[in-house]
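A short write-up of the structure that comes next.
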Amino acid sequence: MSSKANADFLMEKATRAGIKNPKELANFMGQMQVESGGYTRVSENLGYSGQRLLDVFPGRNGLHDIDMANHIAVAGPEAVAEAIYGGHWGRRNLGNTEPSDGWKYRGRGYVQLTGRDNYARVGKELGLDLINHPELAEDRDIAARIAIHYWESRVVPHGNQKDVTGACHDINGGEKGLYERKQAATAWENKLSHGYEPGAPNASVRGHHTENTRYLQLLLNEQGYQDSHGKPLKVDGDMGPQTRHAVQAFQREQQLKADGIAGRLTLERLETVVQQARHEAPRLDQPGHSGHAMYGEAFDAVTLLDRQHQRASDERSSNLAAALAASARQRGLSHIDHVVLSDEGQRAYAVQGDLNSPFKRMAEVSTSEAIATSIAHSSGAWNQATPLSVTASTQPSRDQAPQQAL
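Encoded structure:
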């Protein structure tokens, strides 16, 4: 069954159970979207690489180095489950007291129910024998019941039905995937405000303005696909030539028919690619990403500017740093020594070398576009960039060079 069909099934069950307020429903659907990998799975994907395992679970049950992580990862999903959900951590946090409990009670269902204690509690409350038959949590109807019950028993009592951050804490005890949850909740809120109904087809007609097209544009941007001018797509719901250009680029890469139409197969493939990237690939602001060091250099410079202007660093600061790092890679820079702004602040420049040197190397971005571009998108752009050679790289002449250092 497709991811859209899975989402529509859960949405119908949720509304029948009384989750009808658009903002609450959007939060619920967004949270479950992230938990279930974009509604593509009802059993946890434990196919981690060693590096990703170390990035996501550093220190878990003594996991401190890449050699140990690689040893666990190569042993397969059962070994991974025992390493991250078993041992002392699993006993203390999940009630996994028996050998193989980590694997037996791995994440299942829309909400990714995890751990012996949670299976026992939810099973008792719903009248299900989940301890002896944990696989029941993978049944779609039961998975929907569990997700709704989890929401009503964990989120509603804290009054976080409309609060994405609060609900994130209620569901998984922290802020894992908070950025993706906020994106997903916003996308669902937009869909619902424009009359989204379960079972309705995805819009792919050229020139048609829909929230489904906005969703498509968000996914393409997150993966780094750009318009014909090399810029992120405008998330305007218009299935126009620029969006079709990006769709065709994705289709060619995936060896699909490159017709620029986001039909069912194309959208499902894109959702799968995005969810796999979220699960497996670190972002620029995460240590496992190959561009993390350069991102850190850019971020330090941006936060220095924030302090100079007596403003707090925020998401825009991080977005600008990530966009500069991606541009620097494309221009062939190996590191960032400075970040400077044009006189009016419309352009931001990453600089390698001394600011006054005629041999400095530079990469630039539009400041307004960069601060509105997500780190996930810039991470995708970094991954797709082919660095220019040193001889091919160009920079503004000294009389054009920006003067305001960050």
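Residue 13 is where the sequence shown starts when you use the working numbering, and the numbers rise one by one after that. C-beta atoms are modelled at their ideal positions from N, C-alpha and C, and glycine is treated no differently.
Residues near residue i by beta carbon distance below 8 Å, same chain, minus five either side
i	result
C180	Q43, G186, E187, K188, G189, L190 and R193
D318	A324, S325 and S329
T109	R103 and R128
P70	H76
Chain-order list of residues whose beta-carbon lies under 7 Å from that of residue i (same chain, five-residue window excluded)
i	result
I78	G62, Q63 and L66
L296	G303, H304, Y307, A334, A337, I387, S390, S391 and W394
N172	G178, A179 and D182
A159	L22, M44, G121, Y122 and V123
F371	G365
H347	M306, E309 and Q364
Residue i versus residue j: straight-line alpha-carbon distance, rounded
i	j	result
R28	D151	19 Å
E234	A388	5 Å
L245	G357	23 Å
T278	V351	39 Å
P253	S369	42 Å
F311	G74	31 Å
A93	A197	29 Å
S15	E280	7 Å
N379	K116	Note that residue 379 corresponds to Thr in the displayed sequence, not to Asn. Each residue's alpha carbon lies about 50 Å from the other.
W163	Y361	46 Å
H241	A274	20 Å
L232	Q195	13 Å
P169	P299	36 Å
Q342	Q238	14 Å
V247	A384	11 Å
I31	A149	21 Å
R256	S339	24 Å
6 Å CB neighbourhood of residue i in its chain, flanking five on each side removed
i	result
W200	A38, M41 and G42
N18	Y51
E376	R359 and Y361
Supposed close pair residue i, residue j - CB separation, criterion 8 Å
i	j	result
G102	G88	In fact, because the Cβ distance is near 18 Å, the residues do not count as touching under 8 Å.
Q396	G236	5 Å
Below-7 Å beta-carbon distance, residue i vs any chain B residue
i	result
Q254	Of the chains in the structure shown, none is chain B; there is only one protein chain.
field: In chain order, each alpha helix (DSSP H) run of at least 4 residues that lies wholly inside the region 247-291
entry: Fully enclosed alpha helix (DSSP H) runs of 4 or longer: 253-265.
task: Check whether the region 96-105 touches the region 117-132, taking contact to mean three or more Cβ pairs, one atom from each stretch, closer than 8 Å.
output: Because the criterion of three Cβ pairs below 8 Å is met, the region 96-105 and the region 117-132 touch.
- prompt: In chain order, which continuous runs of the beta strand (DSSP E) of length 3 or greater are located wholly inside the region 132-216?
  reply: The region 132-216 contains no whole beta strand (DSSP E) run of 3 or more residues.
task: Could you tell me which uninterrupted beta strand (DSSP E) segments, each at least 3 residues in length, are contained entirely in the region 307-395, listed from first to last along the chain?
output: Runs of the beta strand (DSSP E) inside the region 307-395: 350-353, 359-364 and 373-378.
message: Which runs of the beta strand (DSSP E) at least 3 residues long sit entirely within the region 39-101? Give them in chain order.
response: Correct list: empty.
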